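The sequence shown begins at 756 in our numbering and counts up one residue at a time.
Notes follow the structure.
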Amino acid sequence: MSGPDGPARRSVLAGLRWTSLRVRVLIVFALVALVAAVSASGIAYWLNREAVLTRTQDAALGDFRRQMQNGAASLPMEPTGPELRSAAERMADSSPGYHVLLTGTHDGKPVVASSDLDAFTKLDVPESLQKQVNKKQPLKNGNSHEYHLFWQRTTIRGTPYLVAGTKIIGGGPAGYMLKSLDQEREDLNSLAWSLGVATALALIGSALLAQGAATTVLRPVQRLGDAARKLGEGKLDTRLVVSGTDELADLSRTFNRAAGSLEKQVADMSAREESSRRFVADMSHELRTPLTAITAVAEVLEDEADNLDPMIAPAVHLVVSETRRLNDLVENLMEVTRFDAGTARLVLDTVDVADQVTACIDARAWLDAVDLDAERGLMARLDPRRLDVILANLIGNALKHGGSPVRVAVRADEDELAIEVRDHGPGIPEEVLPHVFDRFYKASASRPRSEGSGLGLSIAVENAHIHGGDITAHNSPDGRGAVFVLRLPRDAERLAGDAERAGGEQAGGDRGAHGKDGAK
């Protein structure tokens, strides 16, 4: 992807991927597998470590105790250095791989002998262990010996060792043993490495299992999401293939039932709407013939109103006024049905917008009440008749419900034409603004009857839509008057060409769009 927004879009997509349900399932499975594998490996390592060390320790301590009983116990109470060294060497030679250190006194002087001075000296024996070994234990019911065998695990120059010591009962030398645990450490390291590999394999297996589970679970969910998206796009015949008896199958059946019910309701509503539209169109068409005759009679009565009885003249004027109002209403209803049926078409022409606005105002004798701000020579390609309908409704509405003066300003850029109609009245109540383009909507419930039909602004916005434009309404920022802004493309030729090429399919699309907008 190229362009300045490429990195930002990629980061958004990455964020969406990281928050997807599939990723979360994988993460949860991986975490559960990691906790389980680490826990199992840790327990297994700890149990094996204790077993290995305990076995080695028990064997060495048992042999050392026997060596002390058989070898050191036969020494004199005050042995010499050579005697201690000879005994230590014999004990070490017959031991399962440990060194021996014997200590005693001769002529009041301490004597120390080691089976290997390079490997084991008295400095290698912890002070705390020496104190425990030389400490005479009190005799009581649970203890019948003055001296006991003590041991301790320690590290000397980076190598783990088992150090143990005891003293001959009744007097005699004290003996210490130094057993290397380096082999056991290597065995435990190999075990830890094996458990680490097993943990990694468990994680990989859990990821594959999670992927399979996510695919199994999320594929129906994805199909459901795609079907819901199609349903939202108007494809009401969308259904899911249901297989199985699990919860997802029940969800698919529920979706199919809901989609079927929705399709039926929409079909019923469409049929009723089509029936209502035909009724209005037929009624309007049928009314035109008698209404034409009534209008002709009303015009004759209006011409003779001055010669009629003064008591009858007001009634005649009322009949004439209501006849004209009924005629306008029928014409508006027929125009609305053309929009709803999608049969309304543009008849385009290149016109001077300022001339068109002036002609609209002049034809209705509004020149004295309207201020026009429009530059001559501003050309646009649009439907002049429909533009006249839009302007007549907007300006007429401003004069009728707003306040003078009404100002019409025309502005344009390269692609768009904007016509602003502003009055100087009290403005539009905030609760009314969202409904000003609704059909038959009237702001005051106390005026259910008025000169207007309630369709003027609705027809105006439909004419704007068919041009590819729109109309917006808001109150002036200074609080004086309402402002309607008509925006149209300066060239509606492309829109009309697309609609003509699309034929009936495009007409159906126009009908849906206008129906939606008209119901705002």
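Ideal Cβ positions, reconstructed from N, Cα and C, are used throughout, including at glycine.
Every value quoted in this text rests on a predicted model; they were computed, and no experiment measured them.
Exposed unless 16 or more other CB atoms sit within 10 angstroms - verdict on residue i
i	result
M1012	In the sequence as displayed, the identity of residue 1012 is Arg instead of Met. R1012 should be labelled exposed.
A814	exposed
R1043	exposed
V1102	exposed
G859	buried
N1148	buried
D1138	buried
A877	What sits at residue 877 in the sequence shown is Lys, not Ala. Exposed: under 16 other Cβ atoms inside 10 Å.
P928	buried
H1229	exposed
Q892	exposed
A1070	exposed
Q824	exposed
R840	buried
T921	buried
M846	buried
T954	buried
E1130	exposed
L963	exposed
S1016	exposed
G1273	Because G1273 carries a pLDDT of 33, less than 50, the predicted location of this residue cannot be relied on, and no value is offered for it.
S961	buried
I1221	buried
G1224	buried
Q977	exposed
V790	exposed
F1010	buried
I1174	buried
Euclidean distance between Cα positions of residue i and residue j
i	j	result
P975	F1239	50 Å
S869	G826	14 Å
A1164	W1121	15 Å
D1246	I1183	32 Å
N1082	L1046	7 Å
R1008	T971	18 Å
E833	R912	33 Å
V918	T910	10 Å
V787	S849	52 Å
S883	D862	26 Å
I1276	L802	The structure shown does not extend to residue 1276, since the chain spans only 756 to 1275, so no value can be given for it.
N1062	V1075	16 Å
R810	Y931	19 Å
L1056	D1064	12 Å
V1161	I1116	11 Å
L991	Q1020	10 Å
P915	R908	7 Å
L1142	R1079	23 Å
T835	A842	11 Å
G1180	L995	57 Å
P1232	A1135	30 Å
Y853	Q812	11 Å
I1049	F1034	22 Å
V780	E805	37 Å
A1114	T1092	27 Å
L1084	V1125	26 Å
V783	A792	14 Å
V952	S935	28 Å
L771	D937	Confidence in L771 is poor, its pLDDT being 44 and thus under 50, which makes the residue's placement unreliable; the coordinate value appears in the next sentence. Between L771 and D937, the C-alpha separation is close to 52 Å.
G980	V778	17 Å
F905	Q822	15 Å
R1202	M1066	Unreliable positioning characterises R1202 in this predicted model, as indicated by a pLDDT of 40, which lies under 50. The coordinate reading is nonetheless provided below. Answer to the nearest angstrom: the Cα atoms are 27 Å apart.
Supposed contact pair residue j and residue i - C-beta distance, whole angstroms, cut 8 Å
i	j	result
A1237	D1193	Rounded, the Cβ-Cβ distance is 16 Å, inconsistent with contact.
A1278	I1145	Absent from the model: residue 1278. The displayed extent of the chain is 756 to 1275, so no value can be given.
L950	A785	At roughly 18 Å, the Cβ-Cβ gap does not stay under 8 Å, so L950 and A785 are not in contact.
L933	F875	4 Å
V1191	L1212	6 Å
V867	L856	7 Å
A1014	T993	6 Å
L1301	L1172	Given that the chain is displayed from residue 756 to residue 1275, the structure contains no residue 1301 and the question cannot be resolved.
Residue i beta carbon near the ligand ATP (any heavy atom closer than 7 Å)
i	result
E1171	With respect to the ligand ATP, the structure shown offers nothing to examine, as it has no ligands at all.
Test: residue i CB closer than 8 Å to a CB of chain B
i	result
D1193	In the structure shown, chain B does not exist; there is a single protein chain.
Pair every Cβ in the stretch 937–952 with every Cβ in the stretch 816–830, then say whether three or more of these pairs are closer than 8 Å. No, because fewer than three Cβ pairs between the stretch 937–952 and the stretch 816–830 fall closer than 8 Å, the two stretches do not touch.
Measuring CB atoms only, is the stretch 1145–1160 touching the stretch 1100–1108, in the sense that at least three cross pairs come out at less than 8 Å? Segments in contact, no.
Complete alpha helix (DSSP H) runs within the stretch 790–877 (minimum length 4 residues, chain order): Within the stretch 790–877, the complete alpha helix (DSSP H) segments of 4 residues or longer fall at 836–848, listed in chain order.
I'd like the ranges of any beta strand (DSSP E) spanning at least 3 consecutive residues and lying wholly in the stretch 1082–1126. Uninterrupted beta strand (DSSP E) stretches at least 3 residues long and entirely within the stretch 1082–1126 occur at 1104–1107, given in chain order.
Let me know the alpha helix (DSSP H) ranges lying completely inside the stretch 1156–1195, each 4 residues or longer, listed in chain order. The stretch 1156–1195 is shown to contain no whole alpha helix (DSSP H) run of 4 or more residues.
Continuous beta strand (DSSP E) assignments of at least 3 residues falling wholly in the stretch 967–997: Every candidate beta strand (DSSP E) stretch fails here, since none sits fully inside the stretch 967–997 while reaching 3 residues.
Uninterrupted beta strand (DSSP E) stretches inside the stretch 869–927 (no shorter than 3 residues): Secondary structure within the stretch 869–927: the beta strand (DSSP E) runs of 3 or more consecutive residues, fully enclosed, are 905–911, 914–922 (chain order).
Write down every uninterrupted run of the alpha helix (DSSP H) in the stretch 994–1071 whose length is 4 residues or greater and which is fully enclosed by it, in chain order. Whole alpha helix (DSSP H) segments, 4+ residues: 1002–1058.
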